[in-house]
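Comments concern the structure below.
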Amino acid sequence: MPKIQEYTAKEIQVLEGLEPVRKRPGMFVGSTDSRGLHECLREIVDNSVDESFAGIAKNIWVILGKDGSAVIRDDGRGIPVDKHASGVSALELTMTKLHAGGKFGGGAYKVSGGLHGVGASMVNALSSYFRVIVLRNNKAYFQEYKQGKPLKEVSTATQKELDGWLPGKWNIKLGEDKTGTITTFIPDEIIFKTSTVFDAEKVKNILKDRAYLVPGLAFHFYDETTDQETHYYFEGGIKALVGHSNRDKETISDVIYVIKSEGDLSVEVALQYTDSYSENVKGFVNGINTVDGGTHLTGFRMALTRSISDYAKKVGNGKNSVQDNGLTGDDMKEGLTAVVYIKMPSEALQFESQTKAKLNNPEIQGFVQSGVKEGLDTYFEEHPNDAKRVVEKIFLAAKARLAARAAKEAVLRKGALEGSSLPGTLADCQSRDPEISELYIVEGESAGGSAKQGRDRHFQAILPLGGKILNTERAHLDKIIEFEELKNLIIALGAGVGDIINYDKIRYQRVIIMTDADVDGEHIKTLLLTFFYRHMPEVIRRGYLYIALPPLYKIQVGKEAYYAYEEDEKTQIIKDKANGKVTIQRYKGLGEMNPEQLWETTMDPKVRILKQVTVEDAEEGDRIFTILMGEEVAPRKKFIQTHAKLATLDI
């Protein structure tokens, strides 16, 4: 068991105040939409994970409350509550001052996911209500806050107060020598204007990833709104995570595992190839998912490319154009699932921003590259059958790349994209500012006509689709460009596609899929999501892609019209308006709405409901897309049977 470091008020260092967080929240959580909202929860969870890194915490509990709150508890040491040298409780300093915490001097924590010491205080500043309870010294200390400001000094809680605040199942009794920290917060609607509702699936994915990264740490999740409980505990580490990611795929190799350590710095890599056409690579640093990559992933890719290229040359695979043209890094991506995990001293971490989305430490690239290259070279020598299958897979990918490039060049020579004017089916908007411009992708000419008439021409463009589009799950670029509907979409967006794509040239920073609420509409929506996920993923990563949620019902009560987006909402409207004559219309298609109705329900920014498309968990998104859009029938049948009870039948 690692030596328990002393953790008292003297470990807390103060650098500056809290005011900047509410003024510029995007600097601290990346955005004020769903991603920023869940970043707040991640920050608190990662503080608890740090207690596990310190060798203390064995359990972390997360509850999503009916009141919109999130509650995070650990059984670590508990934040210090004694007086700091500044004369204020260490607990209050940690929660109300930026850069106040136990992660700067390196005494209380050797490895932690925190860097800037702003995690807890940042979440406090962005919450309408925030409460922290510390179990320490056989007592329960607490402090409450509003928008980052303490409501009173740190106090000790009574048993009655604890029982009122905490779930009965925890059964926490004063004097039982329990330790830990319990944080409750409600996101501030003033900051998170889009939504303050946590997505249970996103939260579970956050916890599941960390359970794989920290073997022996148990996560317990409970959603009060659905009364659903989930537990995560894994012993297999990142090897098990890769295996779990590929559970529905045909694997080509065993999971390859490489580890290298130098002092306090270590890298673990687990990778496996499958028959998939896409890549799923995740990078982690001290438990943090670096969704935008960084130097650790750069080093990994360089090592992978070099090691496989060297082995391919050694074993030879002549008589094809690939050997002459050479393998590329892109060839290595096809079918690759990998996890790269760095552990290093907290004080040495360099992230691009407070959101910790990208690692910037330059020395990590060389460290990872040399360690992974050596490990892969050894593995390939000792496992020639695995190595042969991997190389054959990559040669096939390289052949397909060369064939697709030749076909694409032939298509481009015909002028399929270059110099093309905007498609005739596009009703463009007047604005040329991508930040305010919107593109509605609409199913069918009927709905397209209503949308064109009902829109705000200043910033809303309409592109109707003439039926179902190509399934791009396994389609190469030349086939995509030749398909008229997709070619029109690519030209309308203006960013290009494939090797010539430039997302900074995109003409609309809000791309909205608007389809009917029936089986055909869902199919078209899935085909479009597959296209963006496979061939324009940055549109999703940048938060440009949305799904419009049109109402299911129009409820006419006398001269007043009401719209319901769910069955429960319809029932409630009818109940509330029971005294009037009620007429109900079920919308089966957008074409049934006149332009005015379409505007006031689905296109007016003041009242419409849009769901932002995110692929934070690329592994899960990749898995579902492969099941639904791939060639294998058995996994798709199993998925549909499992989820059939969740579907709404269109009869």
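Counting from 1, position 30 in the sequence shown corresponds to residue 30 in full-length UniProt numbering; the numbering is continuous, with no gaps.
Yeah, the Cβ is synthetic: ideal placement off N, Cα and C, and Gly gets one too.
None of these values were measured; they are calculated from a predicted model.
Look at the alpha carbon of residue i and the alpha carbon of residue j, and state the distance between them as a whole number of angstroms.
| i | j | result |
| --- | --- | --- |
| residue 351 | residue 379 | 32 Å |
| residue 225 | residue 203 | 14 Å |
| residue 275 | residue 392 | 11 Å |
| residue 299 | residue 424 | 46 Å |
| residue 551 | residue 595 | 14 Å |
| residue 156 | residue 177 | 15 Å |
| residue 20 | residue 28 | 9 Å |
| residue 618 | residue 292 | Model confidence at residue 618 stands at a pLDDT of 40, short of 50, so the residue's coordinates are unreliable and nothing is read from them. |
| residue 500 | residue 490 | 12 Å |
| residue 98 | residue 290 | 22 Å |
| residue 426 | residue 483 | 16 Å |
| residue 612 | residue 436 | 16 Å |
| residue 62 | residue 262 | 35 Å |
| residue 450 | residue 549 | 16 Å |
| residue 314 | residue 377 | 12 Å |
| residue 230 | residue 191 | 30 Å |
| residue 283 | residue 181 | 28 Å |
| residue 384 | residue 302 | 21 Å |
| residue 215 | residue 249 | 24 Å |
| residue 438 | residue 158 | 54 Å |
| residue 519 | residue 581 | 32 Å |
| residue 609 | residue 163 | 38 Å |
| residue 241 | residue 304 | 19 Å |
| residue 474 | residue 91 | 54 Å |
| residue 497 | residue 573 | 46 Å |
| residue 312 | residue 396 | 13 Å |
| residue 1 | residue 76 | Low confidence applies to residue 1: its pLDDT is 48, below 50, so where it sits in the model is not reliable, and the reading given next is rough at best. About 15 Å. |
For residue i and chain D, any beta-carbon pair shorter than 9 Å?
| i | result |
| --- | --- |
| residue 346 | Note that chain D does not occur in the displayed structure, where there is just one protein chain. |
What distance in whole Å lies between the Cβ atoms of residue j and residue i, which are believed to be in contact at a cut-off of 8 Å?
| i | j | result |
| --- | --- | --- |
| residue 296 | residue 281 | In fact, because the Cβ distance is near 11 Å, the residues do not count as touching under 8 Å. |
| residue 141 | residue 134 | 4 Å |
| residue 81 | residue 60 | The pair is not a contact, with the Cβ atoms about 21 Å apart (cut-off 8 Å). |
| residue 330 | residue 401 | 7 Å |
| residue 307 | residue 373 | 5 Å |
Less than 9 Å between the beta carbons of residue i and residue j, yes or no?
| i | j | result |
| --- | --- | --- |
| residue 570 | residue 587 | no |
| residue 589 | residue 516 | yes |
| residue 371 | residue 260 | yes |
| residue 127 | residue 186 | yes |
| residue 183 | residue 189 | no |
| residue 72 | residue 89 | no |
| residue 535 | residue 472 | yes |
| residue 398 | residue 328 | yes |
| residue 666 | residue 264 | In the structure as shown, the chain begins at 1 and stops at 651. Residue 666 is therefore absent and cannot be evaluated. |
| residue 338 | residue 269 | yes |
| residue 149 | residue 174 | no |
| residue 123 | residue 51 | no |
| residue 468 | residue 524 | yes |
| residue 277 | residue 252 | no |
| residue 84 | residue 198 | no |
| residue 527 | residue 511 | no |
| residue 213 | residue 236 | no |
| residue 664 | residue 131 | As shown, the chain starts at 1 and ends at 651. That puts residue 664 outside it, with no answer to give. |
Using alpha carbons as the reference points, say which of the options lies closest to residue i.
| i | options | result |
| --- | --- | --- |
| residue 442 | 179, 151 and 603 | 603 |
| residue 465 | 421, 496, 165 and 440 | 440 |
| residue 58 | 39, 217 and 184 | 217 |
| residue 460 | 239, 555, 397 and 434 | 434 |
| residue 179 | 382, 270 and 137 | 137 |
| residue 541 | 524, 309, 532 and 251 | 532 |
| residue 479 | 522, 537 and 406 | 406 |
| residue 430 | 444, 557 and 457 | 457 |
| residue 209 | 221, 192 and 232 | 232 |
| residue 529 | 546, 251 and 519 | 546 |
| residue 266 | 243, 583, 364 and 34 | 364 |
| residue 35 | 544, 582, 585 and 566 | 544 |
| residue 561 | 447, 575, 305 and 584 | 584 |
| residue 577 | 481, 568, 558 and 374 | 558 |
| residue 593 | 496, 447 and 568 | 447 |
| residue 505 | 432, 56 and 193 | 432 |
| residue 591 | 336, 599, 463 and 445 | 445 |
Does at least one heavy atom of the ligand COA sit under 8 Å from the Cβ of residue i?
| i | result |
| --- | --- |
| residue 487 | Absence of the ligand COA from the depicted structure is noted, as is the absence of any ligand whatsoever, leaving it without description. |
Worksheet item: Which ranges does the alpha helix (DSSP H) cover as unbroken runs of at least 4 residues, wholly within the stretch 326-401, from first to last along the chain?
Response: 329-333 and 362-382
Worksheet entry | alpha helix (DSSP H) runs contained entirely in the stretch 576-604, provided each spans 4 or more residues | 595-598
Item to complete: Could I get the ranges of all uninterrupted alpha helix (DSSP H) runs contained in the stretch 24-75, with 4 residues as the minimum, in chain order?
Response: 26-29 and 34-53
Worksheet item: Which full runs of the beta strand (DSSP E) of 3+ residues lie inside the stretch 519-558, going along the chain?
Response: 545-548 and 553-557
Practice prompt. Would you mind listing the beta strand (DSSP E) stretches within the stretch 119-183 that are 3+ residues and don't spill past its ends, in chain order?
Written response: 127-136 and 139-146
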